[in-house]
Amino acid sequence: MGSTPHLRTGPSAMVGGSESLFPTLKSTNFTAFVSLVALANASGAVGSLSNLAGTILIEREWVVVISEGHPPDVLTKTNSTIRRIDLTCKLLAPVVSGFIISFVSLKASAITLSCWNIAAVLLEYLLFMSVYKGIPALGESNHKKRDSRPSPPGVDLHDAGFYSKGWGARVCEWLSWRVYLKQSIVLPGVALALLFFTVLSFGTLMTATLEWEGIPAYVIGLGRGVSAIIGISATSVYPIMQSQLSTLRTGLWSVWYQWACLVVCVGGIWVHSQTLSAYMLMAGVATSRLGLWMFRLILPNELKDRVAESDRCIVGGVQNSLQSALDLLGYVMGIIISDPKDFWKLSLISFAAVTMAVLLYSIHIPGPKAPHSL
Numbered sequence: 017m018g019s020t021p022h023l024r025t026g027p028s029a030m031v032g033g034s035e036s037l038f039p040t041l042k043s044t045n046f047t048a049f050v051s052l053v054a055l056a057n058a059s060g061a062v063g064s065l066s067n068l069a070g071t072i073l074i075e076r077e078w079v080v081v082i083s084e085g086h087p088p089d090v091l092t093k094t095n096s097t098i099r100r101i102d103l104t105c106k107l108l109a110p111v112v113s114g115f116i117i118s119f120v121s122l123k124a125s126a127i128t129l130s131c132w133n134i135a136a137v138l139l140e141y142l143l144f145m146s147v148y149k150g151i152p153a154l155g156e157s158n159h160k161k162r163d164s165r166p167s168p169p170g171v172d173l174h175d176a177g178f179y180s181k182g183w184g185a186r187v188c189e190w191l192s193w194r195v196y197l198k199q200s201i202v203l204p205g206v207a208l209a210l211l212f213f214t215v216l217s218f219g220t221l222m223t224a225t226l227e228w229e230g231i232p233a234y235v236i237g238l239g240r241g242v243s244a245i246i247g248i249s250a251t252s253v254y255p256i257m258q259s260q261l262s263t264l265r266t267g268l269w270s271v272w273y274q275w276a277c278l279v280v281c282v283g284g285i286w287v288h289s290q291t292l293s294a295y296m297l298m299a300g301v302a303t304s305r306l307g308l309w310m311f312r313l314i315l316p317n318e319l320k321d322r323v324a325e326s327d328r329c330i331v332g333g334v335q336n337s338l339q340s341a342l343d344l345l346g347y348v349m350g351i352i353i354s355d356p357k358d359f360w361k362l363s364l365i366s367f368a369a370v371t372m373a374v375l376l377y378s379i380h381i382p383g384p385k386a387p388h389s390l
């Protein structure tokens, strides 16, 4: 279940495969080329929306429902296993793709991944249905939420005219944010979302900067691999620390650990050697993955302990929307400050966001509802 949200790329895979089969399409039929590019972007948008919905459904709802009635460590271990599968897939995908590109061709890599995604999406649906039918509590949870969902005073959400005027979507959106802001997990949620507003990861912006600074591609790939392995190790470390320290204190340790590792990245800004600065950047980012992925495992436990069952999908949806918005702002930040030599500015802004996340979570610890979990 953990890796399935990343397989919703059937339409994009078919478009990508078509573009690979016709590499000269841009020069021979520009209209068809533009159409394929537009279709690829539209498919990617649909895939991202499906990915988000699947993440909310599985990680915020199904896992919690499945773990109900079991000891608390069952949820912790389940979330860790899901995240381990997720990170392993993210590690293996570029490795497999890189091998095919290196030893066969770029076209072969695109076609192989397209075929894999088309086949995998069918397997995904079969797994979804088998889990849903095999665990009756999932269906019962849906009925409970529908029956217990309150309507705004004086408003009939089932009125067709209400939705035709567009008020339905606006009221539901407003209600969702109101529900979210009333939760005791709002500070950890905002703290987690702030960690998405960053360029300090092995993403496109940081990779392009490292290449501009003259770091070989294989070194960057090695750094990305080490980063992924450290992230995977977090899924094994988290259950151990959580059982010894509690959920809240584990979260506090993990977010401060991430902050400390990123201090190395910031320190590299003032190093005169460009190469040494780049290696400090990679080392800081790679080691910080332990704290980041441990911190990301905190929220599902908080959802189960502190959020009513009828509100979990709403809270999870708002949380993912907030994370996506800040992730998008990170790319906007990269567009505004696009010169590789100004990457240090992006690093400082990202570090400031992480610092704010650390402070918000630290404030959350002594809150009125925290002591029972400490």
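Using my numbering, you'd call the opening residue of the sequence shown number 17 and step up by one each time.
All residues carry an ideal CB built from backbone N, CA and C; glycine is no exception.
Secondary structure note for valine 323: it is in no alpha helix (DSSP H), with a DSSP letter that is neither H nor E. Between the C-alpha atoms of arginine 99 and threonine 251 there is a straight-line separation of about 7 Å. Taking the Cα positions, alanine 233 is about 46 Å away from glycine 150. Ranking Phe144, Met222, Val62 and Gly283 by CA distance to the CA of glycine 350 puts Met222 first. DSSP places leucine 313 outside both helix and strand once states are collapsed to three, so it counts as coil. The continuous stretches of alpha helix (DSSP H) do not include isoleucine 231, and DSSP gives it neither H nor E.
Between leucine 216 and valine 301, the C-beta spacing is below 8 Å.
Cβ-Cβ distances below 7 Å link threonine 104 to Ile248 in the same chain, with the five nearest sequence neighbours on each side left out; the list follows chain order. The DSSP-derived three-state label of phenylalanine 218 is coil.
Setting aside the 5 residues that flank it on each side, lysine 106 is surrounded in the same chain by Ala244, each with a C-beta closer than 7 Å to its C-beta; the list follows chain order.
At the C-beta level, leucine 264 and isoleucine 379 stay beyond 8 Å of one another. For valine 282, the three-state secondary structure derived from DSSP is helix. When only Cα atoms are considered, aspartate 89 and glycine 284 end up about 40 Å apart.
Rounded to the nearest angstrom, the Cβ distance from serine 125 to isoleucine 116 is 4 Å, consistent with a contact under 8 Å. Taking the Cα of serine 340 as reference, the smallest distance to any Cα among Leu278, Phe213 and Ala276 is reached at Phe213. Per the Cβ contact rule, the stretch 299–314 is in contact with the stretch 266–280 (3 or more Cβ pairs under 8 Å). Here leucine 211 has Ala373 as same chain residues with Cβ atoms under 6 Å from its own Cβ, once five neighbours each way along the sequence are excluded. Here arginine 305 really is in contact with isoleucine 246; their C-beta atoms are around 5 Å apart, less than 8 Å. Judged by DSSP in its simplified three-state form, isoleucine 245 adopts helix.
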